[in-house]
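**Student:**
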Amino acid sequence: MARINLSREWLQRNLTTITPISAAIVLVIVLRILNPFFLTTHESVVTLVYGMSWFLIAACGLTLVILMGSFDISIPSIIKLSAMLCGVFYPQLGFFVIPLAIAVSLTFGFVNGFLLAKFNIPSFMATLATSFVAEGLAQIISGGYTRILQDPAFWAISITFIPAKFGLPSIFYWAIILWIIGIFITLITPFGRSVYAIGGNIVGARLAGINIVKVRILVFMLSALYAGISGILYAAQIQGAHMQIGVMDTIPLFASVVVGGTALTGGVGGIHRTLLGVLIVRWLDSGMSMIGIDYNIRMIVFGIVAIIMTIVTIERKRIKIMK
Amino acid sequence: MRNKVGNKSIAISILSSIFKMIRKNPVSWLIIGLTILFATLYSESFLTGTNLESILKGFVITSMLSIGPTFVVLMGSLDVSYMGIWMFGGALVWLLFPYLGMASIFIYPIFGLALGFINGIVHVKSKIPSFILTLSITAVLAYLTTVIRNIYGVLTLAVPEYRFLTGSLIQYVPTTFLLALPVFILSFFFMNFTKLGTYLCAIGSNEEGAELAGINVKKYKVLGFAVSGFLSGLGSIALYSYLGARAPVTLDLNEMIRGLAAIVLGGTPLVGGIGGPHRTLFGALAYVLIFNGLFLAGIDPNQFKLYIGLTLIAAVLIASRGLKGVLIT
Chain B
290 MARINLSREW LQRNLTTITP ISAAIVLVIV LRILNPFFLT THESVVTLVY GMSWFLIAAC
350 GLTLVILMGS FDISIPSIIK LSAMLCGVFY PQLGFFVIPL AIAVSLTFGF VNGFLLAKFN
410 IPSFMATLAT SFVAEGLAQI ISGGYTRILQ DPAFWAISIT FIPAKFGLPS IFYWAIILWI
470 IGIFITLITP FGRSVYAIGG NIVGARLAGI NIVKVRILVF MLSALYAGIS GILYAAQIQG
530 AHMQIGVMDT IPLFASVVVG GTALTGGVGG IHRTLLGVLI VRWLDSGMSM IGIDYNIRMI
590 VFGIVAIIMT IVTIERKRIK IMK
Chain R
39 MRNKVGNKSI AISILSSIFK MIRKNPVSWL IIGLTILFAT LYSESFLTGT NLESILKGFV
99 ITSMLSIGPT FVVLMGSLDV SYMGIWMFGG ALVWLLFPYL GMASIFIYPI FGLALGFING
159 IVHVKSKIPS FILTLSITAV LAYLTTVIRN IYGVLTLAVP EYRFLTGSLI QYVPTTFLLA
219 LPVFILSFFF MNFTKLGTYL CAIGSNEEGA ELAGINVKKY KVLGFAVSGF LSGLGSIALY
279 SYLGARAPVT LDLNEMIRGL AAIVLGGTPL VGGIGGPHRT LFGALAYVLI FNGLFLAGID
339 PNQFKLYIGL TLIAAVLIAS RGLKGVLIT
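Quick note, the sequences are listed as chains B and R, same order.
Residue numbers 290 to 612, in our numbering, belong to the letters of the first sequence in order.
Residue numbers 39 to 367, in our numbering, belong to the letters of the second sequence in order.
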C-alpha cells in the first residue's frame, strides 16, 4: 500500500518531466511506423535540424521570460525585423548588419522591460505594442517586398556543414551553443537564481533584496537578443527575408515552452526542458504534414496542446489568485 | 418668469454634468482636441457628411469589438476571444443559413454566450492566465474558420442576403449604428443596474477582499466572461456588415488590437477595478479619430502598423497612471 502511495506521489511530482519524455518516445515510434525514413537518413535529420534550430533559439528566449512569470509576444516580430534588416542592409553594410540587427533587437528588449518594470504595464500588453512597432519598421524598411541575399559568404553562417561530409549545418551548432549558454545563465549564475525567485514570488524576491527592475529589463533584453540572433541565422538559412516570417508563430513557440514543462506562472521549469518541447512540437509538425494534414489543422492542434499543457504544468495549489 | 428660471437651471445642470463627465474622463480632452485639430487642418474634408459617416462606422466597429471585453478587464483579467467569436460565428452563420434562413444570424449571441461560459469555467477551474487561454482559443477558432472555408472550397464565407446591413437606412446614419444601440444599452444596464458591475469592480480592485466580503468570486468571474462573450456575439451582428455581409477568414492582428486599444485608451486600466463601458465608448471614439486623421493626412499604408503600435504604447502609458506600488507580471 505504502509503495503504491509512494509511486503515485512520485508520479504526481514528476508529471511535468514524464509527460514530455513519454510523448517524445510515442511520437518517434509513431513517426517511424508512418515513415520508415524518419530519423534514419541523413536528409531527414538535416530537414529536422533546419526546422528546429531557429525555433529553439527563439524558444530559449521565451522560456527565460516565462520563467520570470511574464510573457513576450514580440519575439516573432523581432525575428522578422532582424531577418529583414539583414536582407535589406546586407548589400550596403556587409557583415556590419549583424551588430546592427542585434542592437535593434536589444533596443526592443530594453523598451519591453522598461515598460513592464518602470511603468507597470502588463508584459503581454507592452510586448504586443512593441511587436506592432517592430512589424511596422520591418514593413517600412522593406516596403513589403521579399529580399533575397545573394552572397554565399552570408549563407555560410548557417549552412556550412560540420563535418563537411554527413555533418549537420552550422545553425544547429549555434542553436545548441546558445541553448547551453541559456542553461548556464539560468541554473548557475546568481542572475538566473533571481529570475527563478521573481517567477516564484515577486514580493518575496523584492524583500530579499533583488533589484527587480534591473533583472526584469535584463531578461527582456536577453529574450530579444535570442530572437534577434534567431532572425539573423534564419535569414542566412533561407537566404533572404520575407514578410511572412513568424506570422502567428507565438502559439507554436509558446506550446513548445509549456510542452517542455515550464509553468506559465513562472518559477518552475527551465531552459534545459525547452529542447525536448521544441523537438516534440517540430516532430508533431513534420509528422502531421507527412500524413498530409493541412497547415491550419496543425495550428489548431498546437493551440489545443498549448492549453492542455498549460493546465498540466501550472501548480494550482500554490496560486490563490489568477487574473 | 418661473418657467424661465427653470430653463436656466436645466441648462446649468446639463452644462455642469458635461463638465463633470469631461473631468472624469480625461480622454474626452483628447477627443475635443483631435476634433478641433483635424477640423482646422483638413477644413474641407473632415467635417463633411461622408467623413463623419465613416467615423461613425469606424466607431461602431471599434466599440463592438471592445465593449464586451471591458467587463473582463474590469475584473483584471483579459478576454481577446472577440475575434474568435466574430470569425467562427460568421462561419456558423454561413453553415446554418440554408437551414435557418434569416434567423441564422442569431447564432452569434448564442455562440458568444457559450464560448464565454467555457472561457470562464476553464479559467476559474484550471487557473490558466486568461489572456493566454483566450488567445489560444482565438487562434484555434480562427484556423477552424479557415479549415471550414477550405473544406467547402469557397473564397469567402459571404451570405449576400445580409448585405442590406452595410448600407444606411437613414442618410449618414449607418444601419450598423442602429444595430449597435441595443448593445450599448444592454452594457449600461449590466454595468449600472445589476449587481454584476459592482461585483466585477470589487473583484478587480481586490479579489481576496471581495471573497472575504462574501462575494461568490468564482461565480461572478464566470458570469463576467459570459457577459463579455454575449455582448461580443451581439456586437458581431453589427460587425457582420464590416466586410460586406461576411466575417474574416484569416486572423488579422490589426483588428484584434482595436478592441484592446479602445479599452485602454478609454481609461479602464488593465489591472481592473475602475472604468466601464462608457469609458470604452470614449476610447473607441478617440481611436477612430486618431486613425481618421492619419488617413486624411495621407499616410503611407506601410507605416500603418507602426502608428498602431505607438498609439497602443501611448495608451497603456496613459492608462498606467496611479499604479505605483502594484507589482505586475
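By construction, the Cβ of each residue, glycine as well, lies at the ideal position given by its N, Cα and C atoms.
1) Compute the Euclidean distance between the alpha carbons of residue 234 of chain R and residue 244 of chain R, then round it to the nearest angstrom.
2) If you scan the segment 280-343 of chain R from start to end, which runs of the alpha helix (DSSP H) of 4 or more residues do you find wholly inside it?
3) Which class does residue 355 of chain B belong to by DSSP, given the choice of helix, strand or coil?
4) Note down, in chain order, each residue of its chain lying with its Cβ closer than 6 Å to the Cβ of residue 320 of chain B, except the 5 sequence neighbours on either side.
5) Please determine, among B:419, B:442, B:528, the residue with the shortest C-alpha to C-alpha distance to residue 383 of chain B.
6) Against chain D, does residue 119 of chain R count as a neighbour if the rule is that its beta carbon must be under 8 Å from one of theirs?
7) What distance in whole Å lies between the Cβ atoms of residue 520 of chain B and residue 316 of chain B, which are believed to be in contact at a cut-off of 8 Å?
8) Shorter than 8 Å from the beta carbon of residue 413 of chain B to some beta carbon of chain R?
9) For chain R, find out if any of its Cβ atoms is closer than 8 Å to the Cβ of residue 424 of chain B; answer yes or no.
10) Let me see if you follow: with CB-CB separation under 8 Å, is residue 490 of chain B close to chain R or not?
11) Over what stretch of residues does the alpha helix (DSSP H) that includes residue 165 of chain R continue unbroken?
12) Pull up the distance between the alpha-carbon of residue 423 of chain B and that of residue 554 of chain B, whole angstroms please.
13) Under a Cβ-count criterion, where at least 16 other Cβ atoms within 10 Å of its own Cβ denotes burial, should residue 85 of chain R be classed as buried or exposed?
14) How would you list, in chain order, the residues of chain R whose beta-carbon sits under 9 Å from the beta-carbon of residue 432 of chain B?
15) Would you say residue 605 of chain B lies against chain R (beta-carbon separation less than 8 Å)?
16) Opposite residue 458 of chain B in the DSSP bridges: which residues?
17) Under 8 Å Cβ-Cβ, which residues of chain B neighbour residue 188 of chain R?
18) CB residue 226 of chain R to CB residue 315 of chain R, shorter than 8 Å?
19) Would you report the Cα separation of residue 257 of chain R and residue 247 of chain R, rounded to the nearest angstrom?
20) Using a Cβ-Cβ distance cut-off of 8 Å, determine whether residue 428 of chain B contacts chain R.
21) Of the residues R:320, R:356, R:352, which one's Cα is nearest the Cα of residue 70 of chain R?
22) List, in order along the chain, the chain B residues whose C-beta lies closer than 8 Å to that of residue 181 of chain R?
23) Would you identify the three-state DSSP class for residue 211 of chain R, choosing helix, strand or coil?
24) Does the distance from the CB of residue 302 of chain R to the CB of residue 96 of chain R come in under 8 Å?
25) Should residue 141 of chain R go down as buried or exposed, given a rule of 16 or more other Cβ atoms within 10 Å for buried?
26) Going along the chain, which residues of its own chain have a beta-carbon closer than 6 Å to the beta-carbon of residue 124 of chain R, five neighbours each way excluded?
27) Secondary structure at residue 529 of chain B, three-state DSSP: helix, strand or coil?
28) Are any of the Cβ atoms in chain R nearer than 8 Å to that of residue 611 of chain B?
**Tutor:** Once the coordinates are examined:
1) 15 Å
2) 291-304, 315-334
3) helix
4) 327, 576
5) B:442
6) In the structure shown, chain D does not exist; the protein chains are B and R.
7) The Cβ separation is near 28 Å, so there is no contact.
8) yes
9) yes
10) no
11) Careful: residue 165 of chain R lies outside any alpha helix (DSSP H) and carries neither H nor E.
12) 26 Å
13) exposed
14) 340
15) yes
16) B:450
17) 583, 585
18) yes
19) 15 Å
20) yes
21) R:320
22) 585, 586, 588, 589, 592
23) strand
24) no
25) exposed
26) 274, 277, 285
27) strand
28) yes
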